[in-house]
Amino acid sequence: SYGGHWLYGKHRFVLSYLTAFGHQLIGPQEHLKKATVILNPAACKGKANRLFEKNAAPILHLAGMEVKIVKVVLIARFPEVQKYLHKMGLLKNDNLNIFKCFYETFSKIPIAFIPLGCSNSLSQSLHLVSNNKVQHITLATLSILKGETVPLDVLQIKSEKEQPVFALLGLHWGAFRDVACSISNYWYLGPLKTRAAHWFSSLKQWPQTSLSYLAPVPRPPDLPTEIPPRPNLLYHIYRRLKNYWNPPIQEPLQDPEPERWENKDISTLELTVSTHNKNPVKRREADSMLITLDPDSLTAGQFITEGTKKALNPMESVENALQIEDSAACLSPPEVSIFFGKALGTDFFVIIH
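So the sequence shown is numbered by this note's numbering: it starts at 11 and just counts up by one.
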């Protein structure tokens with residue numbers, strides 16, 4: 011039928027790979043691959059669950075993976091995710107702080123992103139962008155089966171009182187961000203709601219603040235992808251005898267150089283802290299993040315024009331914006347202090363949305 015031919019065309023490019031993958035034999039000592047899917051059913055206007063069940067779940071099941079789905083709508087329901095981590099043996103202590111064990115636990119877990127929502131900014135950096143929603147989801151699911159990995163930077167954001175949070179793309183703080191959260195309040199104005207929200211906020215004054223930052227630091231060497239073969243027993247005996255008769259000389263510990271923080275008083279409409287995950291394949295010699303300071307000398311008309319552009323692309327910067335590349339920064343607005351720093355650089359599996 012026409013409908014069956016159309017549906018076959020949607021998944022035709024996946025069938026050839028799944029056929030070869032499904033014919034592979036599983037040895038008696040091998041364990042089944044497991045995947046825990048943390049799913050937000052409210053994504054894509056409530057269609058995320060249906061998109062996953064129709065497009066991604068069949069591919070994972072045909073590949074012989076054991077799939078467990080955890081539906082999380084609110085952050086308050088995060089203990090459900092923690093319960094599954096306990097069952098999988100990834101967390102051992104019931105009172106363990108999830109943020110303190112972030113590096114030790116989650117850096118060893120492959121994490122993937124399946125683009126089920128309406129806006130998938132990170133997925134656009136990991137997979138080929140396609141106007142076909144089904145094809146975009148299936149390509150992301152196939153990358154899980156192929157084991158494709160790419161190193162990503164994680165931005166750590168913490169204040170003096172609150173627990174740290176982590177971001178993969180960046181953070182926006184300022185007038186444009188506040189207006190973006192209030193655009194939906196002017197729904198009755200139709201297509202003019204974006205301009206109206208910026209017009210009502212054009213007279214708001216933002217306080218001056220101070221910014222402290224560190225220069226970029228050299229990037230650590232990449233870990234070897236292949237594990238070297240284990241030396242034989244004779245080599246171990248020879249090395250022990252050599253260290254016994256000629257013990258290595260321990261070099262005295264050198265005091266680390268003090269960090270050189272640079273201070274700058276700023277007055278800006280919008281502060282954007284972004285990582286380099288838009289192009290994760292690009293080779294960089296230094297670990298850094300990019301801070302963009304939009305000028306505060308915009309007129310009301312310019313504020314509305316630039317705000318309309320930012321509503322479509324939040325990462326777009328205003329003309330003549332100041333950009334600073336650093337490895338860590340501390341922002342001190344009135345009554346609060348916020349620290350930005352690189353949490354870790356790790357390999358992320360290319361099932362969390």
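All residues carry an ideal CB built from backbone N, CA and C; glycine is no exception.
Only a predicted model underlies this, so the values are computations on that prediction, with no experimental measurement involved.
Exposed unless 16 or more other CB atoms sit within 10 angstroms - verdict on residue i
i	result
Gly317	buried
Ala310	exposed
His146	buried
Thr278	buried
Gly56	exposed
Leu199	exposed
Leu322	exposed
Glu280	buried
Asn287	buried
Ala30	exposed
Asp304	buried
Val164	buried
Ile247	exposed
His208	buried
Lys133	Note on residue identity: the sequence assigns Ser, not Lys, to residue 133. The residue in question, Ser133, is buried, as its Cβ has 16 or more Cβ neighbours within 10 Å.
His33	exposed
Cβ-based neighbour list, residue i, same chain, cut-off 8 Å, excluding 5 preceding and 5 following
i	result
Trp197	Lys203
Ser135	Asn287, Lys288, Asn289 and Pro290
Ala58	Leu49, Asn50, Pro51, Ala52, Leu126, Gly127 and His363
Residue i - DSSP class collapsed to helix/strand/coil
i	result
Glu365	The shown model of the chain, from 11 to 363, leaves out residue 365, and the question about it has no answer.
Asp336	strand
Phe123	coil
Thr151	helix
Val189	helix
Gly157	coil
His377	Residue numbering for the chain in the displayed model covers 11 to 363; residue 377 lies beyond these limits and cannot be assessed.
Leu221	strand
Gln166	strand
Glu76	strand
Pro290	coil
Leu138	coil
Ala310	helix
Ser131	helix
Lys171	coil
Ser212	coil
Anticipated Cβ contact below 8 Å, residue i with residue j, distance rounded
i	j	result
Ala225	Ser153	With 8 Å as the limit, Ala225 and Ser153 do not qualify as a contact, their Cβ atoms being about 35 Å apart.
Ser222	Ala185	Contact flag wrong, Cβ pair sits at about 22 Å.
Ala331	Thr302	5 Å
Leu162	Pro324	19 Å between Cβ atoms; not a contact.
Glu76	Leu42	5 Å
Ser342	Thr159	Actually they do not touch by this definition, with Cβ atoms about 37 Å apart.
Leu181	Ile167	6 Å
Lys320	Glu329	About 12 Å; that fails the 8 Å criterion.
Ile227	Ala296	According to the sequence shown, residue 227 is Val rather than Ile. About 6 Å; that satisfies the 8 Å criterion.
Arg205	Ile314	6 Å
7 Å CB neighbourhood of residue i in its chain, flanking five on each side removed
i	result
Thr151	Ala66, Ile69, Leu70 and Ile124
Ser131	Leu179
Cys54	Leu61, Leu126, Gly127 and Cys128
Ile334	Tyr223 and Ile301
Pro174	Phe109, Gln166, Ile167 and Lys168
Same chain only: Cβ atoms within 6 Å of residue i, ignoring 5 sequence neighbours per side
i	result
Arg270	none
Gly99	Its pLDDT being 46, under 50, Gly99 is placed unreliably in this model, and the value from its coordinates should be taken loosely. Nothing listed; no residue qualifies.
Inset, instruction - Ignoring anything shorter than 4 residues or poking outside the stretch 226 to 286, list the alpha helix (DSSP H) runs there in chain order. - result: 243 to 255
Inset, instruction - Would you mind listing the beta strand (DSSP E) stretches within the stretch 24 to 66 that are 3+ residues and don't spill past its ends, in chain order? - result: 44 to 49
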